[in-house]
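Residue numbers (the working numbering): 271 to 582.
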């Protein structure tokens, strides 16, 4: 289907946080609100737009305060994908086939590292996988997935991610309520369904973003549906402190969507990894070459995705 670049860019980068966000978005673009809502609803139905709403920080939820990246080595990709995809996507998120020794990659969230280890061990046993690596998150420097449909590469000027976030329950809100803010109805007044007044919901979202529970209020696109066929997970070996290198990457590369320091082990000694998405590989390769010139970077290897196993 033909993409409305102006609308999809505005949905990602300039969605108003008001009681009538889609109506105000249409006004911002000088368009008819009914047509804009109809178009976004069509994009949702066709998978171009995943959702819109408050993008959440998982660390603010009591059962998901820790996370790890997991890599499985397997020949039974379809069987492993089915097992992984059977889990709640908030707990076991993402699931990619990648061009690497460990070829199936997904993330797992839990209360602590012991719970994550138990979940991964259970999945491995169910799948008959005995060669895998678990890489717990040490620090998140950036988490903001936005696609510049004009440049053809992911792009976000979001700054440093806060090191910690308060728990939702500590702020006096129910976790189910806050999670429901992540995917709103495609209607003129999406906040009318809640127990709070519409104005109160807007104020709550603003508070959650200020506290670091929510990252921003925006639409989320599905990359392959918008022509972004390449995503590269670049992993770095370092000769300097990971924090120093990460801060330089955060400053110099707005194309990065995920920038994370992980706890390494003898199987996988790459403490920093970042993601870049693009319509073709050239921009990702150019970034990898530039990153090799960053002080403290010894090696930079980009592992490309061959398939999103949650969508195939």
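Cβ atoms here follow ideal geometry from the backbone N, Cα and C, with glycine treated the same way. As the structure is a prediction and not an experimental result, all values here were calculated from the model.
(message) For residue 507 and residue 308, what's the separation of their Cα atoms in angstroms?
(response) 48 Å
(request) Determine, using beta carbons only, whether residue 410 and residue 342 come nearer to each other than 9 Å. (result) no
(message) Taking 9 Å as the threshold (C-beta atoms), are residue 510 and residue 565 in contact?
(response) yes
(request) Could you say which of 405, 429, 352 and 403 lies nearest to residue 415 if we only look at CA atoms? (result) 429
(message) For the ligand NAD, is there any heavy atom lying closer than 8 Å to the beta carbon of residue 507?
(response) You won't find the ligand NAD in this model; it holds no ligand whatsoever.
(request) Using alpha carbons as the reference points, say which of 492, 273, 540 and 275 lies closest to residue 408. (result) 540
(request) Just mark residue 339 as buried or exposed, buried being the case when its beta carbon has 16 or more other beta carbons within 10 Å. (result) buried
(message) By the DSSP assignment, the beta strand (DSSP E) with residue 625 in it spans what residues?
(response) The requested residue 625 does not occur in the structure, where the chain is confined to residues 271 to 582.
(request) Starting from residue 387, follow the alpha helix (DSSP H) in both directions and report where the run begins and ends. (result) 383–397
(message) Can you look up residue 236 in the DSSP assignment and give me helix, strand or coil?
(response) Since the first residue of the chain shown is 271 and the last is 582, residue 236 is not available in this structure.
(request) Can you grab the Cα-Cα spacing for the pair residue 353 / residue 362, in whole Å? (result) 11 Å
(request) Express the C-alpha separation of residue 504 and residue 559 in angstroms, rounding to a whole number. (result) 11 Å
(request) Assuming residue 319 and residue 537 form a contact by the criterion Cβ under 8 Å, report the distance between their Cβ atoms to the nearest whole angstrom. (result) Between residue 537 and residue 319 the Cβ distance is about 38 Å, and since that is not below 8 Å, they are no contact.
(message) So the candidates are 526, 300 and 572; which of them puts its Cα closest to the Cα of residue 425?
(response) 526
(request) Using three-state DSSP, classify residue 576 as helix, strand or coil. (result) strand
(request) Determine, using beta carbons only, whether residue 497 and residue 546 come nearer to each other than 9 Å. (result) no
(request) Out of 561, 491, 581 and 272, point me to the one whose CA is closest to residue 572's CA. (result) 561
(request) Name the residue from 532, 556, 542 and 523 whose alpha carbon lies nearest to the alpha carbon of residue 337. (result) 532
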